[in-house]
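Peer 1: First, the structure itself, so that you have it in front of you.
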Amino acid sequence: MGVKPVRFVIVGGGPAGHQAATSAARLGAEVTLVERDVVGGAAHLWDCIPSKAMIASGGAMAFVHRSSGMGLGSLRAELDLDGIKRRIAEIEHRLHHSFADLLDDQGVRTIAGTGRLAGPHQVVVDTAGGEEELDAEAILVCTGSRPRIPEWCTPDGDRVLTTRQAYPPPVLPEHMVVIGSGVTGVEFVHMFASFGSRVSLIVSRQQVLPNKDPEVAAALEDDFLRRGVNLLKGARAVGIDRHGDAVTVRCDDGRVARGSHALLAIGVIPNSEGLGLETAGVEVDRGGYVPVNQHCQSNVAHVYAAGDLSGKLPLSSVAAMQGRKIADHVMGQHSRQHRHLDYDKAAQAIFTEPEIAEVGVAEAEAFATGRKIRVTKVPFSANAKALINDDARGFVKIVSPRYRHRAGRLDRGPPRRRADRGDRPGGDLQPPGVRPVREPVGAPHPVRIDLRRRRVATRSRPGRRRRSRCGRPPPAPRSRCPPARRRPGSPSSWPPARTRPGRPRSGRPPPPSPPRLSPAWAR
Ligand SMILES: Cc1cc2nc3c(=O)[nH]c(=O)nc-3n(C[C@H](O)[C@H](O)[C@H](O)COP(=O)(O)OP(=O)(O)OC[C@H]3O[C@@H](n4cnc5c(N)ncnc54)[C@H](O)[C@@H]3O)c2cc1C
């Protein structure tokens, strides 16, 4: 007799749900997916995708407006709001069907309806044709989130909007007042400013993107100010009044922002009510999220939670990865320590101009936890590709450990010998002759580049060759190229100048030996 497949019921068909469904089905589970609105996910298809589609249209407009800088005659782009609506509807339709087809192909049973737990191993689905009860060995709840609406405001979908009502809005706002300066808020500011609307942004703290690197936030604020965005910093919205076609947003410090539209971008709340979690004994925290462990299991081992509902990073990519891991775990394939999800390593992007992307530990966080770090910054103004695209705003900032662990030893300082090969942090970003300055943490300068000093490609110096640990002599050095000559008219430092062997780079004493112990980050 064959082994009975694991019955796996998933409530919510967003990135977490459909990834878990397809992965588990591939591994042999009998999967049922319950979705009430749109396969692919409400937040995914109604927020994330339309927002990015509109931002792409705004980016194209901004690019056209910069055309004179590209050596083109002045071009004009006009917004076609109906065209944008059609474009978004087509993208949503196509994605929804491709997700649904994929699930179908993999033998996943999809039920259109609203699911809830009726016990530790039962899910009840309210469908158009009545109630259906499903038994399951494993259950995943991933019902996502919805826009948070404060008690001082009632969105009307016309002039006072939530994020879901603004992709796209009924008419192009003449003057949009955006409330909230987190990731969603700043993406809206960028989008409407690109379309030519006037924009005011209510920033409750002293910087936009309060949880991000202050220098990154400052670069974005500069861009906003250059585009005429009115920033109301340190103001918390406490009320919205509508008079005809005008809206007034009142702030706690007495300031007001007047516009034609107001948009709430003050976060999301999880969809955990009415899910029957209590009937299965699943704990929910005060914010409505389901706390999970490294396998995304709730306090009830066979009930998993993922995506926005799990209270981890609210990103579509993270939700999808959680879904895949859960499928592995349900099928007994994911138990090793090294395969646990590490949310610190999730890459994140903010679709503004300049675009912002980050991965890993932020400078302030590393500093706060007492890590020894090195900060390397390279401005795009020194990058050929950025100049070619006529957009040299922004910079790359790399926060790396002070000591690097390579090939069984600890190296101090930057791996300079790799600079020419472009495989060091920032190496491929630097044009010849530009050398990023490593600044102590918390240094006040935004970016300093020493253009006078030429980058020096060093080689190991005579007398400093070490014996390898096993006692054998180290391999002979590779043959040296003859020093390249400078051609008249060529940039001053390409090919890179070389130092004479044995000559110290500066009068400074040699750096101290690195510590022998592996630091925590290298374990
Ligand atoms: C404006 C905005 C822009 C964003 N942009 C990005 C971005 O650029 N990149 C990115 O990675 N992330 C982005 N996100 C975040 C991303 O959309 C979410 O993190 C992601 O969609 C979460 O996936 P999920 O599977 O948890 O939930 P969802 O995508 O919300 O899916 C949950 C699904 O569950 C269904 N459901 C709910 N309750 C029930 C029930 N009782 N029964 C049956 N079905 C139910 C819902 O209909 C929904 O389809 C953005 C979010 C917002 C608000």
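Numbering (the working numbering), first residue to last: -3 to 519.
Ideal Cβ placement from N, Cα and C applies to all residues, glycine included.
From a predicted model like this one, the values you see are computed outputs, not experimental measurements.
Go ahead and label W42 buried or exposed: buried means 16 or more other beta carbons lie within 10 angstroms of its beta carbon, across all protein chains shown.
Peer 2: Flag for W42 reads buried.
Peer 1: Under 6 Å: does the beta carbon of A214 sit that close to some heavy atom of ligand 1?
Peer 2: A214 Cβ: outside cutoff for every heavy atom of ligand 1.
Peer 1: Looking at the strands, I want to know which residues DSSP matches up with H257.
Peer 2: For H257, which the question treats as bridged, DSSP gives the partners M172.
Peer 1: As an exercise, report each continuous alpha helix (DSSP H) stretch of at least 4 residues that is fully enclosed by the region 200 to 287, in chain order.
Peer 2: Segments of the alpha helix (DSSP H) lying fully in the region 200 to 287: 210 to 222.
Peer 1: What would DSSP say about A360, mapped onto helix, strand or coil?
Peer 2: It is helical.
Peer 1: Using only the alpha-carbon positions, how far apart do V286 and P375 sit?
Peer 2: If I take the Cα positions, the gap works out to 42 Å.
Peer 1: If you compare alpha carbons, which of V280, G54, K321 and I394 is closest to F191?
Peer 2: Minimum Cα distance to F191 is reached at G54.
Peer 1: Under a three-way DSSP split, which group does R398 fall into?
Peer 2: Three-state result, R398: coil.
Peer 1: Please give the ranges of any alpha helix (DSSP H) in the region 38 to 108, keeping only runs that are unbroken, at least 4 residues long and fully inside the region.
Peer 2: For the region 38 to 108, whole alpha helix (DSSP H) runs of length 4 or above, ordered along the chain, are 45 to 61 and 77 to 101.
Peer 1: With DSSP as the reference, identify every bridge partner of L130, one or two as the case may be.
Peer 2: Answer is V119.
Peer 1: Buried or exposed for E127, going by 16 or more other Cβ atoms inside 10 Å?
Peer 2: So E127 ends up on the exposed side.
Peer 1: Along the chain, where does the beta strand (DSSP E) that runs through Q344 open and close?
Peer 2: Taken as a continuous stretch (DSSP letters only), the beta strand (DSSP E) holding Q344 covers Q344 to I346.
Peer 1: Kindly indicate which three-state DSSP category R431 falls into: helix, strand or coil?
Peer 2: Below a pLDDT of 50, predicted positions are generally treated as unreliable, and R431, at 46, falls in that range; no measurement from the model is reported.
Peer 1: Consult DSSP for A20 and reduce its assignment to one of helix, strand or coil.
Peer 2: Three-state DSSP puts A20 in a helix.
Peer 1: Taking G125 as the reference, give the member of G307, T244, T110 and C138 with the closest Cα.
Peer 2: Among G307, T244, T110 and C138, the Cα nearest to that of G125 belongs to T110.
Peer 1: Which stretch, first to last residue, makes up the alpha helix (DSSP H) that contains V326?
Peer 2: Looking at the DSSP string, the run of the alpha helix (DSSP H) that includes V326 is S312 to V326.
Peer 1: Tell me, which residues are paired with K308 by DSSP?
Peer 2: According to DSSP, K308 bridges with nothing at all.
Peer 1: Tell me which same chain residues have a C-beta within less than 6 Å of the C-beta of R155, skipping the five on either side of it?
Peer 2: Result list for R155: R238, V243 and H257, in chain order.
Peer 1: Could you pull out every residue in the same chain whose Cβ sits closer than 8 Å to the Cβ of V234, ignoring the five residues on either side in sequence?
Peer 2: Cβ within range, chain order: W148, R246, C247 and D248.
Peer 1: Can you name, in chain order, every residue of its own chain whose Cβ lies under 8 Å from the Cβ of A38, other than the five neighbours on each side?
Peer 2: Answer for A38: G10, G140 and R142, listed in chain order.
Peer 1: Does at least one heavy atom of ligand 1 sit under 6 Å from the Cβ of E351?
Peer 2: For ligand 1, not one heavy atom lies less than 6 Å from the Cβ of E351.
Peer 1: Taking the alpha helix (DSSP H) that T180 falls in, what are its first and last residues?
Peer 2: Taken as a continuous stretch (DSSP letters only), the alpha helix (DSSP H) holding T180 covers V179 to S190.
Peer 1: Do you know how far the Cα of D241 is from the Cα of A12?
Peer 2: Their backbone Cα atoms lie some 40 Å apart in a straight line.
Peer 1: So what does L383 bridge to, in DSSP terms?
Peer 2: The partner list for L383 (beta bridge, DSSP) is empty, contrary to what the question assumes.
Peer 1: I'd like to check one pair, L130 with V119: are the Cβ atoms closer than 7 Å?
Peer 2: In this structure, L130 lies closer than 7 Å to V119 by Cβ.
Peer 1: Does R72 pass the burial test, meaning 16 or more other C-beta atoms within 10 Å, or should it be called exposed?
Peer 2: That one is exposed.
Peer 1: Beta-carbon within less than 7 Å of F95's beta-carbon, same chain only, minus the 5 sequence neighbours each way: which residues are those?
Peer 2: H14, V35 and G36, listed in sequence order.
Peer 1: Given a cut-off of 7 Å on the beta-carbon distance, is the pair G263 and R144 in contact?
Peer 2: Contact: yes.
Peer 1: How would you label L383, buried or exposed, when you count the other beta carbons within 10 angstroms and need 16 or more for buried?
Peer 2: The residue is exposed, with fewer than 16 neighbouring Cβ atoms inside 10 Å.
Peer 1: Short of 7 Å in beta carbon distance, which residues of its chain neighbour I265, apart from the five on each side in sequence? Order them along the chain.
Peer 2: Same-chain partners within the cutoff: S141, R142, R144 and G284.
Peer 1: Given that a residue counts as buried once 16 or more other Cβ atoms are within 10 Å of its Cβ, and exposed if not, what is V204?
Peer 2: So V204 counts as buried.
Peer 1: When the distance is taken between beta carbons, is R105 closer than 7 Å to T28?
Peer 2: For T28 and R105, yes; Cβs fall inside 7 Å.
Peer 1: Name the residue from R370, M187, H89 and T275 whose alpha carbon lies nearest to the alpha carbon of K48.
Peer 2: The shortest Cα separation from K48 among R370, M187, H89 and T275 belongs to M187.
Peer 1: Using 7 Å as the threshold, is the C-beta distance between S543 and V173 below it?
Peer 2: With the chain represented from -3 up to 519, any question about residue 543 goes unanswered, as that position is not in the structure.
Peer 1: Let me check you understand the geometry: is the CB of H40 closer than 6 Å to at least one non-hydrogen atom of ligand 1?
Peer 2: Within the cutoff, so yes.
Peer 1: Should R90 be labelled buried (16 or more other beta-carbon atoms within 10 Å of its own) or exposed?
Peer 2: By the 10 Å Cβ count, R90 comes out exposed.
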